[in-house]
Structure formats: structure tokens, C-alpha cells
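Visitor: Protein chains in written order, with our numbering: chain A, 48 to 299; chain B, -17 to 266; chain C, 492 to 661. First the structure, which I've put down as C-alpha cells, then a few questions once you've had a look.
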Ligand SMILES: Nc1ncnc2c1ncn2[C@@H]1O[C@H](COP(=O)(O)OP(=O)(O)O)[C@@H](O)[C@H]1O
Ligand SMILES: [Mg+2]
């Protein structure tokens, strides 16, 4: 296969995913009838990811606090620990790490589930029962991704702050008032916290789009489903980091 | 149920179009293979029409064309007066609400119990009280002999049982057109008899038009009013099953008699056997 | 069949609630919203010749304790000085009216805040009063400049002229 046809394939994939996004958006009004299914998906991709998100959030906050404390101590700036931890979590690490975990935890299961439905003709069966799989299967998962991701990122951030506080204040002996006071004096709601929430909403949409697209278009074989699941993780990770750069450049 | 609008029973004849499904000049190329080469076919209203043919001739593909799951390369497919290739996605869904389709591989929803699988079309399209849904579903499950299995999951069923659950699901909304893709595969003789009777009963009592894809001539003979035999991308023969069995054509003799050699090739098209095995000399 | 469905919905509801609780916690605990919540306060004015990096909502501290925040920063058109309006929490109503205001930096790279050094007057500040004594922000550039210049002159006495004009800078 020549290089040109490989890039051509990649472009065709991007184009097909874009068209797929439009058909999902078009199916969303119809999917509101399957509101319960959407709730069920929020449960699966959101609530079921809580354990991993909370654990990782806690540890990321703790290690961030430890590392930054030693760095800041070199400049006599440990008072800024809370601020630096909060800013790096809210603006960068929270949305991005949550997105990567979400792609691995929820994205893969979306792809495998839809891919298996494709391989066992369940999607065709729905079409034959005049139930649009885009509205019944794909759109609820897409909506669930868009709703669950920012909530998970908030939980991640909160646990990260608590972890940073535990290490910085309880362990390393930083003053409690300095930690919170310095943080609250320098962190802005809209430009820092809410910006990160926006980012994670976009990441949620991107991951859910890639995961459902890969599942929906998978070749109906076990190898096909396996490849599709791998592609979900790889492409979501790359796209999330690329979009992160672009959004940061424009939202700063 | 609104779908019964599409299905005028045998007591309300429509002289305009006697055929429920009308196919003209169907041409399909799949995977580089010419599957249909100008097929013309009529499925009469209120009758059971069998589509027969060796495996791989495109019987499943034909019913996929009829239900709009797969686009043909050329040809006209009229279902209840609507040309399927020209329908939008929404119109297709409207059309399918009036069609019951039994998949060749059952295609049950693996995350739902048997009961919920059969109830699925009802829940998706009609807002019925739970009690009525329950009654309808259990009646249909009773008809296929699986009322006791209502709470099992599809993974806990045998192939033949799945088949019957899929059958119950396909007929849950009293469709105007029933399509059975190989309904007898994997059934034991008792279940086969039951299913055969069920297909016949649905047809006789509700006047449902049926397309029966099968290759068991013994079963088809007892159920079908009309048989189309597809071979080599064309309609090889058609007529009443009895008459067809008696007609002395090489096609029917081979197919119904089970002889490997005849106009219907048993083998999938392939290179010369000797060449494939690596004996170049033998090719001469 | 209805029972498991309901538990799904309850669980999903709890999850959404938890997410929003986390957001609310972060917004109120870690961001400047925490500072909007200051209740009644009275306003004082202070003029500085240079406020450096001081920003709105920067903390105002007395003896290291936060007593209020910077409400606004303007330029006084007559004196061409920075006019900083400070909101002091009404709890701290006994600050002597000869206290001094200075702009400090927390740490070497930290943010800047207004520090109040209490005076000895028996009369307390009232709403709208102005600080008489103020000390402007210490400019890092000036400090570094002085440091470099003094370091230069000691190591390279061959070029004393170049160092001279810079050293005269206040
Ligand atoms: N998606 C597809 N792509 C390429 N070839 C296909 C596809 N589906 C079916 N075919 C080919 O079409 C032929 C007819 O298949 P099918 O309609 O399933 O036959 P049957 O009569 O046994 O139901 C087979 O030879 C098969 O190889
Ligand atoms: Mg078939």
C-alpha cells in the first residue's frame, strides 16, 4: 500500500467521522425518547469510572504537591503551592488526565459493545424493527460522554486538591491558611476553573465520537472489534492532546 | 395496531396490485460476483412464497434488498406500492414497521432477557400499559413454546430456541409482511412442525403475506403456496411446489433430488482443482 | 423489571449530583469566588507612586492576617499616582488612622498584597478615609539592577563610568 493511499485513508476516516458526528447530532432529538437509555449510559461511563478517576485524582494531586513543594522551596515560594497545584490541575492535568483515563475505561467499552452488536447483527435487527441504532445506541452514549466527562474532571480536580492539601499541609507542614488563601486569591472561576470544564466537555464529545464511530463501523469480525478498540484508545489520546494544545492556545 | 393498515386481509381484495412485493430487473454485484442478473419476481398478497436455492445464491441478499438493508445496483423493488431504493431513511423505517423479519442468525439483543427481546418492538413504538405488553409477549412466547423461558438471557438458549424467540419477536406487531430467513435451521422435528404450523396459521388467520427463505423442500412443500427457485443469478423455476416437484426440468430434478451434478454447480466457483493442488501437468 | 431500572436512575442522579458538588466545592473553596463572599466592609483609599503587579481582589493583611481586599485601582489624574481603594471587613473597625499601607510581595515570585502597619493613634479609620503613609511596591527590576551593577563594579573596575548613572537611579 503506498504512502499516499495511507494518508488518503486517514483523511477518509476523519471525513467519515465528521459525517458520523452530523448523523449523531441529527439523531439526538429522536434519542430523547430513549431518555432512560441515556441515563443508563451515564451510569455506565460516568458512575462506573468514579473509582479509577478518584484514585488517580488523589495520587496526581499528592505527587504534584510533593514535586512542586521541592521546586518552589528552591525559590522560597512554597506559599504559592496551593495556587500552582490548583492552576495546573484545573487548566491542564484535570481535563487531560481524566480524558485519557476516560478513553481507556469508558471509550474502549463503548467501542467493544457497539462493535459486538454490529458483528452479531444486533444493529441490523434494530434497523429491521424500525428502531434507529443511531438514536437508540449511539446518541445516548455520545450524550453520556459529553455529560459525564466534565463531571468526572471536577471530581478528579477536587480529589487532586484534597491530595495536594494532605501532602502540602498535613505532611510537609505548610500553613493551612496560606495554602487556601493564596489559592483563592489567584485562581479565577471563569478563566481557570470553568475553562477546564469546557475543555473536558469537548474531550468527552471527542472521545465518545471516536469510540462510537469505531464501534459502529468496525468490520464484523473478532479481529475487527479488537482493532477498533485499540484504535479508540490510540486516536482518542492523540486527538485529545492535539485539541488540548489548540484550545489552550485559543482560550488562554 | 396501526401496522395492520398495510396488511389488507384476504377478505379485502385490492385488485390494483395483487403482488405485495414486485421486483423488476434486479441486478446486484457483491464482492465482484454477479449475484442477480435481471431477476423479476412477484410475491402475491396473503400467500406464502418460498425462495429456494443452493446456499450462496443470494437468498439472504434478496430479502435484504426487499427491506432496504442493502442497495441493489439496478432494478425496481416495489413493496406495498413503494419503491424501496428511492425511500429516505425515515420512510424506510415507516415501511419496516409493517414488516416482521426473522434473521438467519436470530440477532437477539444479548443484553435483554427473552421477554424484553420480544417486548422490544412494542416498547419502542407503542405506549402500552405494562399489563398489555405482558399479555401480548407471553401469548407469542406460548405460540413458540417458550413461555417458560421468558426470564432467561439469550446466552442461556440453544440455537433452535433463539430461533423461536426471534420468530416470536418478528411477529409481535402483527406485520403485513413476514420474512423468514431460514426458519427451520437448527430446529428439532417437533419444533420444526410447530414453527411450520405457526407460519401457516399466521397466514391463514391474519392473512399475512409471507416470504419463506429455505432449502428444506419437504417443509416448504407443506407450507408454501408458491416457490421461486433461484440459481445462477436468475429465477430458474417458479410455480406451485407440487407442480414444480413433478415438473421434469434438470434444475428441479437436481435441486429437489439432491444430486451434486447438474445445472446448479455444487462448488463455489474456483480455479482448476489440479492447478490449486499444485499439479501443473494435470491442467493440460 | 422496574426495580433495577429505578436503582439505575437513582445511581445516575447521585453521580450527577456528586459531579456538581465537586464543581461547587472547587468554585467556592479554591477560587476568587471565595473572596466575593466577604460581607460588610468599609472603604479606605491609599495613593502609591507605583503599585507594581498589584491586582484587584488582592488581599489586604495586617500582621499577616487577611482583613480585606483591593476593590479598585485607578490613576489619580492630578497627582499621577495610583489610587487604590481598599475594602476592610467591618469586624476590623479599630485600625488606627495613622497606620501605613505598603505593597509587599509574598515570597520571591509570589503575588503582591497590601500590608497594613498599625500606627499609634487613638482614633480609628472611618469609611472613606485615606492612608497618609504609603510605601510603593519594591520593583524586582530595580533590585536586580542594583545588584548586578554593584557586582559588576566590584569585578570589573575598568569600567566605573558605565555603572555610575545606573547606580544613581532611585
Ligand atoms: N457483504 C458482502 N460482501 C461481499 N460478498 C457478500 C456479502 N454478503 C454476501 N456476499 C456474497 O453473496 C453471496 C450470497 O450470499 P447470501 O445472500 O448470504 O446467500 P444465501 O443464499 O445462502 O443466503 C455469497 O456468495 C457471499 O459470498
Ligand atoms: Mg442466507
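Backbone N, C-alpha and C fix where the C-beta goes; we use that ideal spot for every residue, glycine too. As the structure is a computational prediction, the values presented were derived from the model and not from experiment.
Figure out for me which residue from 75(A), 256(A) and 199(A) has the closest Cα to the Cα of residue 103(A).
Guide: In the first chain, the residue the question calls residue 103(A) occupies position 56. Closest by alpha carbon: 199(A).
Visitor: What residue ranges within the region 109 to 143 of chain B form continuous alpha helix (DSSP H) runs of no fewer than 4 residues, ordered along the chain?
Guide: Listed in chain order, the complete alpha helix (DSSP H) runs (minimum 4 residues) inside the region 109 to 143 of chain B are 112 to 125.
Visitor: Any idea which residues DSSP pairs residue 595(C) with across the strands?
Guide: On the third chain, position 104 is the one that residue 595(C) refers to. Bridge partners of residue 595(C): 604(C).
Visitor: Is residue 164(B) near ligand 2, in the sense that its beta carbon is under 7 Å from a heavy atom of that ligand?
Guide: The residue given as residue 164(B) occupies position 182 in the second chain. Correct: residue 164(B) has its Cβ closer than 7 Å to ligand 2.
Visitor: From the beta carbon of residue -11(B), is the nearest beta carbon of chain A less than 8 Å away?
Guide: As a working mapping, residue -11(B) is identified with position 7 in the second chain. For residue -11(B), the predicted structure reports a pLDDT of 41, less than 50, and the residue's modelled location is therefore unreliable. The matter cannot be settled from this model.
Visitor: Under 8 Å between C-beta atoms, does residue 33(A) make it to chain B?
Guide: The structure shown does not extend to residue 33(A), since chain A spans only 48 to 299, so no value can be given for it.
Visitor: Count the C-beta pairs between the region 16 to 28 of chain B and the region 204 to 224 of chain B that are closer than 8 Å, then say yes if the count reaches three, no if not.
Guide: Yes, since at least three Cβ pairs between the region 16 to 28 of chain B and the region 204 to 224 of chain B fall closer than 8 Å, the two stretches touch.
Visitor: Count the CB pairs spanning the region 235 to 246 of chain A and the region 115 to 122 of chain A that are closer than 8 Å, and state whether there are at least three.
Guide: The answer is no - the region 115 to 122 of chain A does not touch the region 235 to 246 of chain A, with fewer than three Cβ pairs under 8 Å.
Visitor: Are the C-beta atoms of residue 108(A) and some chain C residue less than 8 Å apart?
Guide: Counting from one through the first chain, the residue named residue 108(A) turns up at place 61. So, not an interface residue.
Visitor: In chain order, what residues place their C-beta within less than 5 Å of a heavy atom belonging to ligand 1?
Guide: Checking every Cβ against the heavy atoms of ligand 1 under 5 Å gives 12(B), 13(B), 37(B), 38(B), 39(B), 40(B), 41(B), 42(B) and 43(B).
Visitor: Cα-Cα, which of 91(A), 143(A), 175(A) and 129(A) is closest to residue 270(B)?
Guide: Absent from the structure is residue 270(B), since the part of chain B shown begins at -17 and ends at 266.
Visitor: Is residue 51(B) close to ligand 2? I mean its beta-carbon at under 7 Å from any heavy atom of the ligand.
Guide: Mapped onto the second chain, residue 51(B) falls at position 69. Flag unset: Cβ of residue 51(B) not near ligand 2.
Visitor: Taking the straight line between their C-alpha atoms, what separation do you get for residue 597(C) and residue 126(A)?
Guide: The count along the third chain starts at 1 and reaches residue 597(C) at position 106. The count along the first chain starts at 1 and reaches residue 126(A) at position 79. So the alpha carbons of these two residues sit roughly 7 Å apart.
Visitor: I want to check one thing, is the minimum distance from the CB of residue 86(B) to the heavy atoms of ligand 2 below 7 Å?
Guide: The residue given as residue 86(B) occupies position 104 in the second chain. Residue 86(B): yes, Cβ under 7 Å from ligand 2.
Visitor: Please work out which residues of its chain come closer than 8 Å, Cβ to Cβ, to residue 225(A), disregarding the five sequence neighbours upstream and downstream, and give them in chain order.
Guide: As a first step, residue 225(A) must be located in the first chain, where it is residue number 178. The residues are 126 and 129.
Visitor: Go to residue 83(B), then tell me how far its beta strand (DSSP E) extends in each direction, as first and last residue.
Guide: As a first step, residue 83(B) must be located in the second chain, where it is residue number 101. 81 to 84 is the extent of the beta strand (DSSP E) around residue 83(B).
Visitor: Does any C-beta atom of chain A lie closer than 8 Å to the C-beta of residue 592(C)?
Guide: Translated into the one-based positions of the third chain, residue 592(C) becomes position 101. Answer no: the Cβ-Cβ gap between residue 592(C) and chain A never drops below 8 Å.
Visitor: Within a Cβ cutoff of 7 Å, which residues of the same chain sit near residue 285(B), ignoring the five residues on either side of it in sequence?
Guide: Beyond the ends of chain B as shown, which are -17 and 266, falls residue 285(B); an answer cannot be given.
Visitor: Assign residue 732(C) to one of three DSSP states: helix, strand, or coil.
Guide: Since the first residue shown for chain C is 492 and the last is 661, residue 732(C) is missing from the structure and cannot be characterised.
Visitor: Measure from the alpha carbon of residue 89(A) to the alpha carbon of each residue in 542(C), 618(C) and 503(C), then state which is nearest.
Guide: Numbered from its first residue, the first chain carries residue 89(A) at position 42. When each option's Cα is compared against that of residue 89(A), the closest is 503(C).
Visitor: Does the region 149 to 160 of chain A touch the region 209 to 222 of chain A, meaning 3 or more C-beta pairs lie closer than 8 Å?
Guide: Taking 8 Å as the limit for Cβ pairs, the verdict is that the region 149 to 160 of chain A does not touch the region 209 to 222 of chain A.
Visitor: Whose Cβ in chain A lies nearer than 8 Å to the Cβ of residue 103(B)?
Guide: One-based indexing of the second chain puts residue 103(B) at position 121. Per Cβ cutoff of 8 Å: 176, 177 and 178.
Visitor: Ligand 4 and residue 182(B): does any heavy atom of the ligand fall closer than 7 Å to the residue's C-beta?
Guide: No copy of ligand 4 appears in this structure; the ligands present are ligand 1 and ligand 2.
Visitor: Using beta carbons (cut-off 8 Å, strictly below), is residue 150(A) in contact with chain B?
Guide: Counted from its first residue, the first chain places residue 150(A) at position 103. Closer than 8 Å: no.
Visitor: Chain A beta carbons: is any one of them nearer than 8 Å to that of residue 85(B)?
Guide: Sequence index remark: in the second chain, residue 85(B) carries index 103 (1-based). Cβ-Cβ to chain A under 8 Å: yes for residue 85(B).
Visitor: Closest to residue 147(A) by C-alpha separation, out of 73(A), 230(A), 197(A) and 238(A), would be which residue?
Guide: As a first step, residue 147(A) must be located in the first chain, where it is residue number 100. It is 197(A) whose Cα lies nearest to the Cα of residue 147(A).
Visitor: For residue 500(C), go through chain A and note every residue whose CB falls closer than 9 Å to its CB, in chain order.
Guide: Along the third chain, read from residue 1 onward, the residue named residue 500(C) stands at position 9. Ordered by position in chain A, the residues that pass the 9 Å Cβ test against residue 500(C) are 83, 86, 87 and 90.
Visitor: How should residue 233(A) be labelled, buried or exposed, when 16 other C-beta atoms within 10 angstroms of its C-beta is the threshold for buried?
Guide: Numbered from 1 along the first chain, position 186 holds the residue referred to as residue 233(A). Residue 233(A) should be labelled buried.
Visitor: Using a Cβ distance threshold of 8 Å, determine whether the region 157 to 169 of chain A contacts the region 247 to 262 of chain A, with at least three qualifying pairs required.
Guide: Segments in contact, yes.
Visitor: For residue 572(C), write down the residues that DSSP places opposite it in a beta bridge.
Guide: Within the third chain, residue 572(C) is the residue found at index 81, counting from 1. In the DSSP output, where bridge partners are listed per residue, residue 572(C) has 567(C).
Visitor: Could you give the residue range of the alpha helix (DSSP H) that holds residue 10(B)?
Guide: Here residue 10(B) is taken as the residue at index 28 of the second chain, counted from 1. Note, residue 10(B): premise wrong, no alpha helix (DSSP H); beta strand (DSSP E) at 1 to 12.
Visitor: Quick one: list the residues of chain C neighbouring residue 228(A), beta-carbon separation under 7 Å, in chain order.
Guide: Here residue 228(A) is taken as the residue at index 181 of the first chain, counted from 1. Those are 550 and 557, listed as they occur along chain C.
Visitor: For chain A, check one thing: does any of its Cβ atoms lie closer than 8 Å to the Cβ of residue 492(C)?
Guide: Position 1 of the third chain holds residue 492(C). A caution first: residue 492(C) carries a pLDDT of 39, below 50, which makes its placement in the model unreliable, though a value can still be read off. Chain A contact via Cβ: absent.
Visitor: Quick check on DSSP: helix, strand or coil for residue 250(B)?
Guide: Along the second chain, one-based indexing puts residue 250(B) at 268. The answer is coil: DSSP assigns residue 250(B) none of H, G, I, E or B.
Visitor: Closer than 7 Å, Cβ to Cβ, to anything on chain B: give me those residues from the region 143 to 170 of chain A, in chain order.
Guide: Flagged, chain order: 167, 168 and 169.
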